[in-house]
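**Q** Below: one structure in structure tokens.
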Amino acid sequence: MPDQDVGGIMAALITGTRGGISNATRQAFADAGLAHLLAISGLHLSLIAGFVFLMMRRGLSLSMYFAESFDLKKTAACLTIPFLLFYLVISGVGIPALRAFLMICLAMMAVIIDRNPLSMRLVCFAASLILFIYPESLLSASFQLSFAAVVALIGVYENGWRPFHLWAERGGIFKKMTLYLVGIIATTLIASYAATPLTISIFQRFSLQAVLGNLVAIPLTGFIIMPLIVIFLLLMPVGGEFLVTPFLKGAIQLLIKVSLSIATLPGAAIIMPEQSPVFLTLFIIGGIWFCLWQQRWRYLGVIPMMLAFCCLKFVADPKILIPEREQAIYGTLMVNVLFV
Numbered sequence: 008m009p010d011q012d013v014g015g016i017m018a019a020l021i022t023g024t025r026g027g028i029s030n031a032t033r034q035a036f037a038d039a040g041l042a043h044l045l046a047i048s049g050l051h052l053s054l055i056a057g058f059v060f061l062m063m064r065r066g067l068s069l070s071m072y073f074a075e076s077f078d079l080k081k082t083a084a085c086l087t088i089p090f091l092l093f094y095l096v097i098s099g100v101g102i103p104a105l106r107a108f109l110m111i112c113l114a115m116m117a118v119i120i121d122r123n124p125l126s127m128r129l130v131c132f133a134a135s136l137i138l139f140i141y142p143e144s145l146l147s148a149s150f151q152l153s154f155a156a157v158v159a160l161i162g163v164y165e166n167g168w169r170p171f172h173l174w175a176e177r178g179g180i181f182k183k184m185t186l187y188l189v190g191i192i193a194t195t196l197i198a199s200y201a202a203t204p205l206t207i208s209i210f211q212r213f214s215l216q217a218v219l220g221n222l223v224a225i226p227l228t229g230f231i232i233m234p235l236i237v238i239f240l241l242l243m244p245v246g247g248e249f250l251v252t253p254f255l256k257g258a259i260q261l262l263i264k265v266s267l268s269i270a271t272l273p274g275a276a277i278i279m280p281e282q283s284p285v286f287l288t289l290f291i292i293g294g295i296w297f298c299l300w301q302q303r304w305r306y307l308g309v310i311p312m313m314l315a316f317c318c319l320k321f322v323a324d325p326k327i328l329i330p331e332r333e334q335a336i337y338g339t340l341m342v343n344v345l346f347v
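Just so we're aligned: the sequence shown equals residues 8 to 347 in our numbering.
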């Protein structure tokens, strides 16, 4: 594979600029359901925030003075915000990145004041501020897809994830690894389910292989590529980036191979016709009902969401209908027009 794609993907992960990636590679990422990795979004900022938060907290704990004098969890939360701001600025301040930055900053503030960092208040705060600054973004695909996925994830995890988390806390490394694997699968399924109707309506396509692709690509990106990028950026001012460049290049090449392999599987890219407005309307009504309520009647929202998928059209309506007995005449006329 050309080094252009490796450098282009690295530039996309750092700045969000995808112009250096070849069309074939970009299409492979889209068909494999991995296109979100090439746009600076909540995934990237969350990975950066988690890595910096962990490094700060563990690093400060090496000092006896800091460990005894400060709350290291709250200190790490305070120190993580400037790193996120720096990453947001160099990424171009896109709508998904800005949404993630606002939500993570509010989550870090919740950690500092001992409040629950995950709630719908995060989404409301980020959406209100973004729409106040960029009201036209409401009609953009990036705004709709980004908030649809995060609202669905928080709506499910607010109540449904706590028993699994408690189960893993009382076990060993096997339970924690199991929880992580199940978490990736569940997150991909929930986010894909929430974004699929919008993807079908906006782009007229979706992928059935997104779960398999993300199951491999997200751990690779989260545990290897993004930490190496952080180290790369920290070493760049002193000229030491060559120490991690070979490892970073190899990891990105592996990510490209994964996307190319997944994109060739059956069902990787399914083309859909233009859908009726009823399809998206029913799904949004059911999704809002499910995410806003906390009581058991929230599950009634699943009914209109299921009905929405029953309204899917798999065959496009014909734009021009020519009777069979007149097709020969029409073909003759077209030949005459083309060759006259």
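Glycine included, C-beta positions come from ideal geometry on N, C-alpha and C. Please read these numbers as outputs of a predicted model, since none were measured by experiment.
Between Leu105 and Ser144, what straight-line distance do the alpha-carbon atoms span, to the nearest angstrom?
**A** Numbered from its first residue, the sequence shown carries residue 105 at position 98. Numbered from its first residue, the sequence shown carries residue 144 at position 137. If I take the Cα positions, the gap works out to 12 Å.
**Q** To the nearest whole angstrom, what separates the beta carbons of Leu160 and Leu136, a pair I think is in contact under 8 Å?
**A** On the sequence shown, residue 160 is found 153 positions in, with the first residue counted as 1. On the sequence shown, residue 136 is found 129 positions in, with the first residue counted as 1. With a Cβ gap of about 20 Å, Leu160 and Leu136 do not count as contacting.
**Q** Measuring straight from C-alpha to C-alpha, what distance separates Val189 and Gln302?
**A** Residue 189 sits at position 182 when you count from the first residue of the sequence shown. Residue 302 sits at position 295 when you count from the first residue of the sequence shown. Each residue's alpha carbon lies about 25 Å from the other.
**Q** What do you get for Met71, buried or exposed, if any count of 16 or more other CB atoms within 10 angstroms of its CB means buried?
**A** Reading the sequence shown from its first residue, position 64 is the one you call residue 71. Under this definition Met71 is an exposed residue.
**Q** Give a single yes or no on whether Ser76 has its beta carbon closer than 7 Å to a heavy atom of the ligand PLP.
**A** With respect to the ligand PLP, the structure offers nothing, as it holds no ligand at all.
**Q** Would you call the segment 219-236 in contact with the segment 19-28, where contact means no fewer than 3 C-beta pairs closer than 8 Å?
**A** Yes, the segment 219-236 touches the segment 19-28.
**Q** Among Pro280, Leu113 and Cys298, which residue has its Cα nearest to the Cα of Cys318?
**A** Against the sequence shown, residue 318 aligns to sequence position 311. The shortest Cα separation from Cys318 among Pro280, Leu113 and Cys298 belongs to Pro280.
**Q** If we count the other Cβ atoms within 10 Å of its Cβ and call it buried at 16 or more, is Asn221 buried or exposed?
**A** Position 214 of the sequence shown holds residue 221. Asn221 is buried by the Cβ-count criterion.
**Q** Quick check on the DSSP output: the alpha helix (DSSP H) that includes Gly257 runs from which residue to which?
**A** As a working mapping, residue 257 is identified with position 250 in the sequence shown. Its alpha helix (DSSP H) spans residues Thr252 to Ala270.
**Q** Compare the Cα-Cα distances from Met115 to each of Glu75, Leu91, Thr195 and Val163 and report the closest residue.
**A** Here residue 115 is taken as the residue at index 108 of the sequence shown, counted from 1. Selected option, being the one with the closest Cα: Leu91.
**Q** Please go through the same chain and pick out, in chain order, the residues whose beta-carbon is closer than 7 Å to the beta-carbon of His43, but skip the five residues on each side of it.
**A** Translated into the one-based positions of the sequence shown, residue 43 becomes position 36. So the qualifying residues of the chain are Leu50.
**Q** Hey, does Leu287 have any beta-carbon neighbour from chain C nearer than 8 Å?
**A** The chain labelled as chain C is not found in the depicted structure, where only one protein chain is given.
**Q** Within 10 Å of its beta-carbon, does Met312 have 16 or more other beta-carbons around it, so buried, or fewer, so exposed?
**A** Taking the first residue of the sequence shown as 1, we reach residue 312 at position 305. Buried, because 16 or more other Cβ atoms sit within 10 Å of the Cβ of Met312.
**Q** Spatial neighbours of Cys298 within its chain, please: C-beta separation below 6 Å, excluding the five flanking residues on both sides.
**A** As a position in the sequence shown, residue 298 is number 291, starting the count at 1. So the list reads Val158 and Gly162, once near-sequence residues are dropped.
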